[in-house]
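Residue numbers (this note's numbering): 138 to 558. Note that beta-carbon positions come from the ideal geometry of N, C-alpha and C, so glycine has one too. Source: prediction; values computed, not measured.
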């Protein structure tokens, strides 16, 4: 491993080549990967001739599979490295991965080295990866690394700003290389940007038919923990009502969400049958959990009439694709992770006194009346009202301007204090 470069040898914006080679170590989570896209767009805007390479877990890289501007990608599997002592195994794997990136880029770029490497994760191993890649300029936050290690591994260690949106935090990492500076409040930070492939309704993994039927997507899961999840019985009541209005309801998620989706569908079918005195049509409810790749998920979501979701990676994908999105927030902070500059998205949350607690599970005992209140008090009636308003405001195609009658047949609950943006 090389010794850290002296301050005199550190590359600056004044001596960057016209077409710099840039390595961007993306976040590990899908939603964070989507929120990194404005940062990537800023790089392309300020360095239009740059050769930009991405490193990340496979699922995150799939978000960029159709972006032809990307020079190359590197799948980071170093976290899975074993060995006698796991942390030592990962240390060695990370260094080896960094050297692999360096060798591959030199081979592709006529022996040129990486000019700029930026990590969007606040982790020691990501900073180590940048160091091992041999990049002349290495930028990252010291939070999660420490100032001492940050200064050893990064040429530009930055303190992470507090109380700002995640998108702005990622964009702030470009401040050392954007000569004009970048305000965290700047309107220059672009919106989310994803490139979805065209939907092939005949593809084997496509479970959604191509008939002209208004289609609503639901996302009942969330990777971070159960505290972020709206109650399954609420999703079922909402799904039953939407199906009763002729909507096709598709439940999305990972394979681990499939049982939850089946539970919701079974409850929704029972409610539908009870209300309509007949079984719902077979295509009215679809469980797509674990049955899509990232790209086919993006393609299917791009054709949705609307998407109702917990705070999740799918929420950011839908918002980036311009899908009318209703985001249900409870324990997480919407000011930090809400859909960024997404005019077709709405945030719906209860102003519970304990929110945002940012816990994976609700810390209030289950027998306490306030248990999971932040999500429990968001009733289907409230969500349907918000969905009706969202579609009225943003759906311009006459065929998709369907009326959503009130949930008169369902038991009404007190709305409490509502925050909708």
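- Distance from the CA atom of residue 289 to the CA atom of residue 276, rounded to whole angstroms, is 12 angstroms.
- Two segments are said to touch when three or more pairs of C-beta atoms, one from each, lie closer than 8 angstroms; by this definition the stretch 240 to 250 touches the stretch 153 to 163.
- If you look at residue 385, you'll find it in the beta strand (DSSP E) that goes 385 to 388.
- Inter-residue distance for residue 210 and residue 192 is about 6 angstroms (C-alpha atoms, whole angstroms).
- Assignment of residue 486 by DSSP, reduced to helix, strand and coil, places it in the strand class.
- Contact annotation: residue 426 and residue 398 have beta-carbon atoms nearer than 8 angstroms.
- Boundaries for residue 293: no alpha helix (DSSP H) harbours it, while the beta strand (DSSP E) harbouring it runs 293 to 295, taken from the DSSP string.
- Going by C-alpha positions, residue 174 is about 23 angstroms away from residue 291.
- Residue 278: member of the beta strand (DSSP E) spanning 274 to 278, first to last residue.
- DSSP places residue 361 in the coil class of the three-state scheme, outside both helix and strand.
- Counting only residues of its own chain and dropping the five nearest sequence neighbours on each side, residue 278 has a CB closer than 6 angstroms to the CB of 259, 295, 297.
- For residue 469, the three-state secondary structure derived from DSSP is coil.
- Separation of the CB atoms of residue 408 and residue 377 is rounded to 4 angstroms, and the pair is thereby assigned contact status at 8 angstroms.
- Taking 8 angstroms as the cut-off, the beta carbon of residue 495 is found closer than this to the beta carbon of residue 470.
- By the Cβ-count criterion, residue 506 is exposed, with fewer than 16 other Cβ atoms from all chains shown falling within 10 Å of its own Cβ.
- A residue is called buried when at least 16 other Cβ atoms come within 10 angstroms of its Cβ; residue 169 meets this threshold and is buried.
- Check the Cα spacing between residue 458 and each of 443, 402, 263, 485: the tightest is with 443.
- Within the stretch 411 to 463, the complete alpha helix (DSSP H) segments of 4 residues or longer fall at 431 to 438, 450 to 457, listed in chain order.
- Taking a contact as a CB-CB distance under 8 angstroms, the pair residue 240 and residue 269 does not count as one, their CB atoms being some 11 angstroms apart.
- Annotated as proximal: residue 492 and residue 468, with beta-carbon spacing under 8 angstroms.
- Residues 181, 189 of the same chain have their beta carbon placed closer than 8 angstroms to that of residue 206, with the five preceding and five following residues left out of the count.
- In chain order, 497 place their CB closer than 7 angstroms to the CB of residue 361, counting only its own chain and leaving out the 5 sequence neighbours on each side.
- Residue 210 carries a strand assignment under DSSP once its states are collapsed to helix, strand and coil.
- According to the DSSP assignment, residue 516 belongs to no beta strand (DSSP E), since it is labelled neither H nor E.
- Pairing residue 424 with residue 359 gives a Cβ-Cβ distance that is not under 8 angstroms.
- Excluding five sequence positions before and after residue 482, the CB atoms of its chain that fall closer than 7 angstroms to its own CB belong to 456, 462, 464, 476, given in chain order.
- In this structure, residue 331 places its C-beta atom within 8 angstroms of the C-beta atom of residue 200.
- Assigned with DSSP and collapsed to three states, residue 203 falls in coil, not helix or strand.
- Ranked by Cα distance from residue 528, the options 353, 516, 274, 273 are led by 353.
- In chain order, 139, 239, 250, 251 place their CB closer than 7 angstroms to the CB of residue 271, counting only its own chain and leaving out the 5 sequence neighbours on each side.
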